[in-house]
Amino acid sequence: MVPIRVEAGGVEAPEPVTLAEMRLYLRLDPDDASEDALVASLIAAARASLEAETWRLLKPARFRVVLAAWPRDRRIALPLSPLVGIVRLGLAGPNGAVEALESGLLRLGPDPVEAPCLAVDAAAPEPGGRTILIEVAAGYGGDGPALPEPLRLAILRLAAARYEHRGDEADPPDPAGLAAPFRRLRL
1191 MVPIRVEAGG
1201 VEAPEPVTLA
1211 EMRLYLRLDP
1221 DDASEDALVA
1231 SLIAAARASL
1241 EAETWRLLKP
1251 ARFRVVLAAW
1261 PRDRRIALPL
1271 SPLVGIVRLG
1281 LAGPNGAVEA
1291 LESGLLRLGP
1301 DPVEAPCLAV
1311 DAAAPEPGGR
1321 TILIEVAAGY
1331 GGDGPALPEP
1341 LRLAILRLAA
1351 ARYEHRGDEA
1361 DPPDPAGLAA
1371 PFRRLRL
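Structure representation (structure tokens):
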């Protein structure tokens, strides 16, 4: 098995629930922005909790996949769901120079949501001591599929519960319960 390293990269995307939507959901006074930083951090924390529970990316992001060689079975399984597309493909030499390759040498696997993977074309050149660099886009929103409404509502509910009960409870409501219908299974 070929070791695969996946690194986050690229520009930070906005949260799937805006501060304005969350403020409206919480029924906050429109003229009082004193807790906006707290509310924004609760949105991010709720999204992160649900991402951990579902094994899905709830906002768009880019990732760099680094390989020393192509896998024998020509499939690169990735922990990035939903997998949206291949942005760049190249081979990096020991001096740091990157030779760009046609992104058509890779294609998304048959199910980019439930079994995200890349299929490597037989014509892909062997790296020959160079490092394979693949940049992919993943996540709901942006160029990917729309965030399912139940997950958007789960972000609102979880952030609202944390806002209303700050200091009262450990973590209401249960992120696992909210995310259960969307959780990706691992074999």
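Under the working numbering, the sequence shown is numbered contiguously, ending at residue 1377. No residue lacks a Cβ here, since even glycine has one placed at the ideal position from N, Cα and C.
Do three or more CB pairs link the segment 1324 to 1335 to the segment 1271 to 1287 at distances below 8 Å? yes
Give the straight-line distance between the Cα atoms of L1337 and P1250, rounded to the nearest whole angstrom. L1337 and P1250: Cα-Cα distance of roughly 10 Å.
Counted within 10 angstroms of its Cβ, other Cβ atoms place S1231 as buried (16 or more) or exposed: Under the 10 Å beta carbon count, S1231 is surrounded by fewer than 16 other beta carbons and is classified as exposed.
Taking DSSP as the reference, what is the three-state secondary structure of A1370? Here A1370 sits in helix by DSSP.
Can you tell me where the alpha helix (DSSP H) holding L1268 begins and where it ends? Neither: L1268 is in no alpha helix (DSSP H) and is coded neither H nor E.
In terms of alpha-carbon separation, which member of E1304, A1259 and D1333 lies closest to P1409? In the structure displayed, the chain extends from 1191 to 1377; residue 1409 sits before or after that span and is not available.
Could you give the DSSP three-state label for G1199: helix, strand or coil? For G1199, the secondary structure class from DSSP, reduced to helix, strand or coil, is strand.
At the level of alpha carbons, what is the spacing between P1206 and D1311? 34 Å
Between the Cα of G1286 and the Cα atoms of L1323, L1248, A1350 and P1300, which residue gives the shortest distance? L1323
So, are the CB atoms of R1246 and G1199 less than 8 Å apart? no
Would you report the Cα separation of S1224 and C1307, rounded to the nearest angstrom? Rounded to whole angstroms, S1224 and C1307 show a C-alpha spacing of 44 Å.
Let me make sure I understand the geometry here. Which of A1236, L1248, L1214 and E1243 has the alpha-carbon closest to that of E1202? Ranking the options by Cα distance to E1202, first place goes to L1248.
Alpha carbon to alpha carbon, what distance is there between G1319 and P1220? 59 Å
Do you know whose CA, among P1193, I1194, T1208 and L1218, lies nearest E1354's CA? L1218
Beta carbon of A1236, beta carbon of L1348: below 8 Å? yes
If you follow the alpha helix (DSSP H) that V1303 is in, where does it begin and where does it stop? Per DSSP, V1303 belongs to no alpha helix (DSSP H) and is neither H nor E.
Among the residues of its own chain, which have a CB less than 6 Å from the CB of I1233, if the five just before and after it don't count? E1205, V1207, M1212 and A1349
Taking DSSP as the reference, what is the three-state secondary structure of L1209? helix
Give the single residue among L1240, S1239 and A1210 whose Cα lies nearest to the Cα of A1227. A1210
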